[in-house]
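Enquirer: In this text, residue positions in the sequence shown follow the working numbering: the first is 1, and each later residue adds one.
If you scroll down you'll find the structure; I have some questions about it.
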Amino acid sequence: MAAPEAFGASFEEAPSAHEFELGEGLEGDPAIAFRRTLGMFATGVTVLTTRVAEQVHGMTANAFMSVSVSPPLVLVSIDRRARMGAMMHEGTRFGVSVLEAKQKGLSDRFAGRISDGVPEPTFEIVHETPLVEGALAHLVARVMRSYWGGDHSLFLGQVEFARYSEGRPLLFHRGRYERLIEDPPIFSSLPPELLDPILALGSERSYGNGDVIMKKGEPGDELMLVLEGSVRVQRPGLDVALGAGELVGEIEVLNPGGGRIADITADGPVRCLAVSRESLLTALEADPRAAITLIEVLAARFRATE
Ligand code: FAD
Numbered sequence: 001m002a003a004p005e006a007f008g009a010s011f012e013e014a015p016s017a018h019e020f021e022l023g024e025g026l027e028g029d030p031a032i033a034f035r036r037t038l039g040m041f042a043t044g045v046t047v048l049t050t051r052v053a054e055q056v057h058g059m060t061a062n063a064f065m066s067v068s069v070s071p072p073l074v075l076v077s078i079d080r081r082a083r084m085g086a087m088m089h090e091g092t093r094f095g096v097s098v099l100e101a102k103q104k105g106l107s108d109r110f111a112g113r114i115s116d117g118v119p120e121p122t123f124e125i126v127h128e129t130p131l132v133e134g135a136l137a138h139l140v141a142r143v144m145r146s147y148w149g150g151d152h153s154l155f156l157g158q159v160e161f162a163r164y165s166e167g168r169p170l171l172f173h174r175g176r177y178e179r180l181i182e183d184p185p186i187f188s189s190l191p192p193e194l195l196d197p198i199l200a201l202g203s204e205r206s207y208g209n210g211d212v213i214m215k216k217g218e219p220g221d222e223l224m225l226v227l228e229g230s231v232r233v234q235r236p237g238l239d240v241a242l243g244a245g246e247l248v249g250e251i252e253v254l255n256p257g258g259g260r261i262a263d264i265t266a267d268g269p270v271r272c273l274a275v276s277r278e279s280l281l282t283a284l285e286a287d288p289r290a291a292i293t294l295i296e297v298l299a300a301r302f303r304a305t306e
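Next comes the structure, spelled out in structure tokens:
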């Protein structure tokens, strides 16, 4: 299919620098406030690579995005001062290596930051293009078009190769590296023969639409299994709906002094099974295997936060 007439046309006339309005409470240098605003958008981290006369060049970039599945297209944004940009021409192949959580050192290295003790990067050549070994995902693309992007240049690449492996990505947020922490369910990790005796001690409750089931801050002395309907779990940074079979309030029941960590409300009519901390302890005493399994789940969660 031919490209639409207007393809890229919006870039023919570059807008000049202009003032923009800062929200209330944001004072000082507008460029800093703008960068900080953009920094709230969490991204992964990639290393872009290319080869010029057998010499491999790499550069850390988080301004990478998927554009189209058919045809497969990606886009990267490169500072006009970066050496990488000068190596990217129509038809140039470039690699995108999506870094894994432990590859912070490589990110620093390819950003020209000091990264003492980081082993020399090694590259695998695919489609005549270097890719950083040990990354979570790899793409090889060929520059199709480039666009003016203010102090950056945008390169649209047609993907020739893609692969990924399992693992956790390195994240970048507010100018800092972050990583994903899985939130493994605690009690639902128990096999049915250990979970069922705990639930057998529960008592059924019904709630109407909008009813508050648990309130943030109040003592958490019971957990609940949703039997029917859907509940809404809300706290700063989290707003999820959980349905039948899900457990809520399980962290607080193990740490009742801390209080509830989220508001939970009924999203329509809901039926739940409430298990008190007292019943839970009775069930765990009756079968210490359940207690040991819970400790293992909690230890795995602790390890993930290291
Ligand atoms: P250089 O600065 O010359 O090279 C970069 C570094 O990589 C140097 O330290 C060099 O020694 C090392 N290096 C290059 N090739 C090799 C090799 N073959 N083996 C070993 N080391 C090698 N800039 C953007 O334009 N767009 C972005 O989206 C972007 N995102 C970023 C995200 C993060 C998290 C960070 C930390 C930086 C980001 N930057 C981005 C900044 C960018 O990475 C740096 O400005 C970078 O130095 C520009 O690279 P360059 O092409 O000018 O080459």
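Backbone N, C-alpha and C fix where the C-beta goes; we use that ideal spot for every residue, glycine too.
Straight-line CA distance for Glu-27 to Gly-237?
Expert: If you take the alpha carbons of Glu-27 and Gly-237, they lie about 25 Å apart.
Enquirer: Output the distance between the C-alpha atoms of Gly-243 and Val-118, rounded to the nearest integer angstrom.
Expert: 45 Å
Enquirer: Which residue wins for smallest C-alpha separation from Lys-215, given the options Arg-205, Tyr-177, Val-248 and Leu-131?
Expert: Val-248
Enquirer: Buried or exposed: Leu-209, going by 16 or more other Cβ atoms within 10 Å of its Cβ?
Expert: The question names Leu, but residue 209 is Asn in the sequence shown. Classification of Asn-209: exposed, given that the 10 Å Cβ count is below 16.
Enquirer: State the DSSP-derived secondary structure class of Asp-267, mapped to helix, strand or coil.
Expert: coil
Enquirer: For Asp-135, tell me which candidate among Arg-168, Ser-189 and Phe-302 has the shortest Cα-Cα distance.
Expert: According to the sequence shown, residue 135 is Ala rather than Asp. Minimum Cα distance to Ala-135 is reached at Arg-168.
Enquirer: Is Phe-161 helix, strand or coil when you go by DSSP?
Expert: strand
Enquirer: What is the residue span of the alpha helix (DSSP H) that Pro-192 lies within?
Expert: Run containing Pro-192: 192-199, per the alpha helix (DSSP H) assignment.
Enquirer: If you check the beta carbons only, do Leu-225 and Leu-199 fall under 8 Å apart?
Expert: Against a cut-off of 8 Å, the Cβ pair of Leu-199 and Leu-225 comes out as a contact.
Enquirer: Give me, in chain order, the residues of the same chain whose beta-carbon lies closer than 8 Å to that of Thr-92; leave out the 5 immediate sequence neighbours on both sides.
Expert: Thr-50, Arg-142 and Val-143
Enquirer: What does the alpha-carbon distance come out to for the pair Gly-307 and Leu-48?
Expert: This structure cannot speak to residue 307, because the chain is shown only from 1 to 306.
Enquirer: Let me check one thing: in DSSP terms, what residues is Ala-274 bridge-paired to?
Expert: BP columns for Ala-274 point to Ser-203 and Met-224.
Enquirer: With a threshold of 16 other CB atoms inside 10 Å of the CB of Arg-260, please say whether the residue is buried or exposed.
Expert: buried
Enquirer: Pick helix, strand or coil for Glu-19, following the three-state DSSP scheme.
Expert: coil
Enquirer: Among Thr-122, Glu-222, Asp-263 and Phe-155, whose alpha-carbon lies nearest the alpha-carbon of Leu-281?
Expert: Glu-222
Enquirer: If you count every other CB in all the chains shown that lies within 10 Å of the CB of His-18, and 16 or more means buried, which is it?
Expert: exposed
Enquirer: Any heavy atom of the ligand FAD closer than 7 Å to the beta-carbon of Val-56?
Expert: yes
Enquirer: Give me the residue from Pro-269, Arg-80 and Ser-165 with the minimum Cα distance to Glu-100.
Expert: Ser-165
Enquirer: Counting along the chain, where does the alpha helix (DSSP H) carrying Ile-186 start and finish?
Expert: Careful: Ile-186 lies outside any alpha helix (DSSP H) and carries neither H nor E.
Enquirer: For Gly-149, name the three-state secondary structure that DSSP assigns.
Expert: strand
Enquirer: Tell me, which residues are paired with Gly-44 by DSSP?
Expert: Leu-171
Enquirer: Determine contact between the segment 146-163 and the segment 64-82, defined as no fewer than three beta-carbon pairs at a distance below 8 Å.
Expert: yes
Enquirer: Rounded to whole angstroms, what is the Cα-Cα separation between Thr-60 and Met-84?
Expert: 10 Å
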